[in-house]
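The structure appears right after this line, and notes come after that.
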Amino acid sequence: MSVVRNVELRLIGLPLVRPFRTSFGTSTAKECIIVRVETDEAEGWGECVADVEPGYSEEFNEGAWLVIRDHLAPALLRADHVAIDDLDRLLGHVRGNPMAKAALIDAVVDARLRADGVSMAQWLGADRDRVACGVSIGITDTTEALLEQVEGYLAEGYRRIKLKIEPGIDAERVGAVRAAHPDIALSVDANAAYTIEDLDVFRALDAYDLLMIEQPLHHADLVRHAQLQRLVRTDLCLDESIRSAADAVAALELGSCRIVNIKQGRVGGIVEARRVHDVCRAAGVPVWCGGMLETGIGRAQNLALAAMQGFTLPGDTSASARYFLDDLTAPFVMAPDGTMAVPTGTGIGVAPRPDRLAETTLRRESLGKV
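Take my numbering: the final residue in the sequence shown is number 370, and no numbers are missing along the way.
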């Protein structure tokens, strides 16, 4: 157990190396909340994966900042002692807000593990020291531009290519990539942009031997996902629909998907992510680790998670250079064989570089022990 002495919030901004377009918008920079928790034994770091606007999720930076500052952090600061097993109880008075909770929970876990001299991968029971890397490619202006990006990422060694799609920019683009690369592991991600009435699109995608179709329908509609899964051959994967282990249980029992994307920052942090992993592994359902354009802090947590036994598919664990010219931490580099090393240091194994943290900070607030 530890005493939480201080919680520090920072809003940081990092430019992206190229715009990243999905069905719900285009990002040119990564702006997110970084949390530092100081206990009586160590400090820990967490990253909130919410965005500037509530597009991917109802959570967004300004709202997450207020929830952490006014509700979540005070609960930890009031507690006499905080253990990892206490976190659900201490933060349970706040309904929902899994991204805000994840940033704080991950920072507490990181601090605890640093104090104990244990890496996050060890604590999770991970059995690998390297993980296979995939890459997510945003919607491009032309098919030619998409093919050029695919060629470049394959040349770097990425083991799985994921294409963002939206209505009108889907089957034809995917077909062009598959024609150019008949044997690569290829998937698509719709970010909930379609409805069951778009069945013809999904049946057209069936022709391209895809690894999966990710989040085709509305995030709350598990029933329609189950209906769609019965009507297409390609495995469906759920992302936005899975915000907890309970959601995973419901999706699997309904037959809404055959694959689950686990984003620890989306499901409420590393503790709940482990529970989702355990649910899927017990059901024999493959999982993989999704990404949210994280800085090195979130990327380190994702790598530790992706090293667990149930993660059998390449995740969105891309190199830092995929998104940033200069990351917040020391950069994560992918080996030529398409794998990346899992951090072995205590906790998440990395910390922000002080100079880079200072120059990217847009706002800072410190909350001391009450």
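Beta carbons are placed, not taken as given, at the ideal position from N, Cα and C, and that holds for glycine.
{"Item": "Need the endpoints of the alpha helix (DSSP H) that V177 sits in, please.", "Value": "A171 to A180"}
{"Item": "Among all the DSSP beta bridges, which residues are the ones paired with W45?", "Value": "R36"}
{"Item": "Taking only three categories from DSSP, how would you classify L328?", "Value": "coil"}
{"Item": "From I137, G255, L9 and I242, pick the residue whose C-alpha is nearest to that of A17; which is it?", "Value": "In the sequence on display, residue 17 carries Val and not Ala. Per the Cα distances, I137."}
{"Item": "Please name the residue or residues paired with R20 in a DSSP beta bridge.", "Value": "According to the sequence provided, residue 20 is Phe. The question's Arg does not apply to it. According to DSSP, which records beta bridges pairwise, F20 is partnered with S27."}
{"Item": "Helix or strand or just coil, what does DSSP make of L210?", "Value": "coil"}
{"Item": "R115 to F202, Cα distance in whole Å?", "Value": "The residue you asked about is not Arg; residue 115 is Ala in the sequence shown. So the alpha carbons of these two residues sit roughly 50 Å apart."}
{"Item": "Looking at G338: is its Cβ nearer than 9 Å to the Cβ of G157?", "Value": "yes"}
{"Item": "Could you check where the beta strand (DSSP E) with V188 kicks off and where it finishes?", "Value": "L186 to D189"}
{"Item": "What residue range does the beta strand (DSSP E) around L217 cover?", "Value": "Neither: L217 is in no beta strand (DSSP E) and is coded neither H nor E."}
{"Item": "Could you tell me whether the segment 102 to 116 touches the segment 43 to 55, using the rule of 3 or more Cβ pairs below 8 Å?", "Value": "yes"}
{"Item": "Quick one: which unbroken alpha helix (DSSP H) runs of 4-plus residues sit fully inside the segment 82 to 138? Chain order, please.", "Value": "87 to 91, 98 to 116 and 120 to 124"}
{"Item": "Within the same chain, show all residues whose beta-carbon is closer than 7 Å to that of D235, passing over the 5 residues directly before and after it, in chain order.", "Value": "M212, R258 and I259"}
{"Item": "For E240, does the count of other Cβ atoms within 10 angstroms reach 16, so buried, or fall short, so exposed?", "Value": "buried"}
{"Item": "For I259, which three-state DSSP category applies?", "Value": "strand"}
{"Item": "Could you tell me if K164 is buried or exposed, where buried requires 16 or more neighbouring beta carbons within 10 angstroms of its beta carbon?", "Value": "buried"}
{"Item": "Tell me the DSSP secondary structure of S320 in three-state form.", "Value": "helix"}
{"Item": "Could you check the C-alpha separation between M99 and G290 for me, to the nearest Å?", "Value": "14 Å"}
{"Item": "What three-state label does DSSP hand R5 in the structure shown?", "Value": "strand"}
{"Item": "For the beta strand (DSSP E) containing I161, list its first residue and its last residue.", "Value": "R160 to K164"}
{"Item": "May I ask you to list the residues that DSSP assigns as paired with C289?", "Value": "I262"}
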